[in-house]
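Below is one structure, written out as structure tokens; comments come after it.
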Amino acid sequence: MLELSRTQVSLLVRAFVGGFALIAILWGCWTLPLFWNQGFDESVARGIISGRAFRPEILSPLKSDLDAIEQLPFCRASATRSAAIIRLRIAEQTLSVGRPETIDQEFDALRRALVTTLSCSPADPFSWLALFWLSNNQIGFKSENLQYLRLSYELGPSEGWIALRRNHIAFSIFEALDPALAKTAIREFIQILNTGLYVEAVEIFTGPAWRVRDQILPLLTEVPIRNREIFADALRNRGSEVIVPGVSDRRHP
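Counting from 12, one number per residue, gives the positions in the sequence shown under my numbering.
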């Protein structure tokens, strides 16, 4: 049996420690720039969530960073979600300016980002909502797409920024929703108004929800009177004389 002297053991330990340190240094040299860029990308994603407008020339150069995030050999949920948020905004911008030569490319990139995000964090309600939006725009609306919207509601019923985007999308295809989802969309609008997001509620109500306002208005009695008053005033400022239950009737006897 081979026996090692104390000196040989010491040399082996030093070699092992030195090799491990070298690997750590090389790993740091490879990952530090990537994590640095991820920090910037996550900052941009937070800005998008908060409503900041980023010009295409700001977002487009980030695509190489997003590619790197999506190809990571390990799962980092915050990074992949940020990549998906930025990909969604790029796709929305490309769709809004009508660039058929690039929209398919951006849709495919968004789908890859969402698959990566959901494989890392399958309970992410934003990604399921984004997948619903993408499927409707890329291949057309199909009833089976509603499973993605339903999952978004089940997994994130009370996340404010997701609810605002989701409610707008849900009302834009309200007639295609099954009764349970239609009821959920209306309840979500009531919750948005309950939380005091008046500007956003008016945008939704006078926009995609306008054609189903008669289904929404009777349920506003569940909203605190002060919220209804502010909502009614905001509607009047928009030129809408809709009668909000318990408010307009009292102010205009």
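Each residue gets a CB set at the ideal place from its N, CA and C atoms; glycine is no exception.
Asked: Return the CA-CA distance between Arg249 and Cys131, expressed in angstroms with no decimal places.; Found: 43 Å
Asked: Report the three-state DSSP secondary structure of Phe137 (helix, strand or coil).; Found: helix
Asked: Is Leu77 near Ala141, with beta carbons less than 8 Å apart?; Found: no
Asked: Mind checking Asn205: buried by the 16 CB within 10 Å criterion, or exposed?; Found: exposed
Asked: Since Phe137 contacts Ile173 with CB under 8 Å, what's their CB separation in whole angstroms?; Found: 5 Å
Asked: Just the Cα atoms here: how many angstroms apart are Arg63 and Leu99?; Found: 14 Å
Asked: Looking only at its own chain, which residues have a Cβ that is under 7 Å from the Cβ of Leu45, when we skip the five neighbours before and after it?; Found: In this predicted model, Leu45 has a pLDDT of only 46, less than 50, meaning its place in the structure is not dependable; the value taken from the coordinates is given anyway. Only Ala79 meet the Cβ criterion.
Asked: If you compare alpha carbons, which of Ser169, Gln158, Ile197 and Leu228 is closest to Phe182?; Found: Ile197
Asked: Please work out which residues of its chain come closer than 7 Å, Cβ to Cβ, to Leu106, disregarding the five sequence neighbours upstream and downstream, and give them in chain order.; Found: Ile114 and Asn148
Asked: In three-state terms, what does DSSP make of Cys86?; Found: coil
Asked: Please return the same chain residues whose Cβ sits closer than 8 Å to the Cβ of Pro256, not counting the five positions on each side in sequence.; Found: Leu228, Pro229, Leu231, Thr232 and Arg239
Asked: Please work out which residues of its chain come closer than 7 Å, Cβ to Cβ, to Ala56, disregarding the five sequence neighbours upstream and downstream, and give them in chain order.; Found: Ser93, Ile96 and Ile97
Asked: Skipping 5 residues on each side, what residues in its chain have a beta carbon closer than 7 Å to that of Trp144?; Found: Ile180
Asked: Buried or exposed: Ile254, going by 16 or more other Cβ atoms within 10 Å of its Cβ?; Found: exposed
Asked: Output the boundary residues of the alpha helix (DSSP H) element that contains Leu157.; Found: Leu157 to Leu166
Asked: Do the CB positions of Asp157 and Asp189 come within less than 8 Å of each other?; Found: Here residue 157 is Leu; the residue named in the question, Asp, does not match the sequence. Yes, the pair counts as a contact, with Cβ atoms nearer than the cut-off.
Asked: First and last residue of the alpha helix (DSSP H) that includes Ala243?; Found: Ile236 to Asn248
Asked: Between which residues of its own chain and Leu70 is the CB-CB distance below 8 Å, once the five residues before and five after are set aside?; Found: Val55, Ile97, Arg100, Ile101 and Gln104
Asked: What are the boundary residues of the alpha helix (DSSP H) that Lys194 is part of?; Found: Pro190 to Asn205
Asked: Which value, in whole angstroms, describes the spacing of the CA atoms of Ser163 and Asn178?; Found: 11 Å
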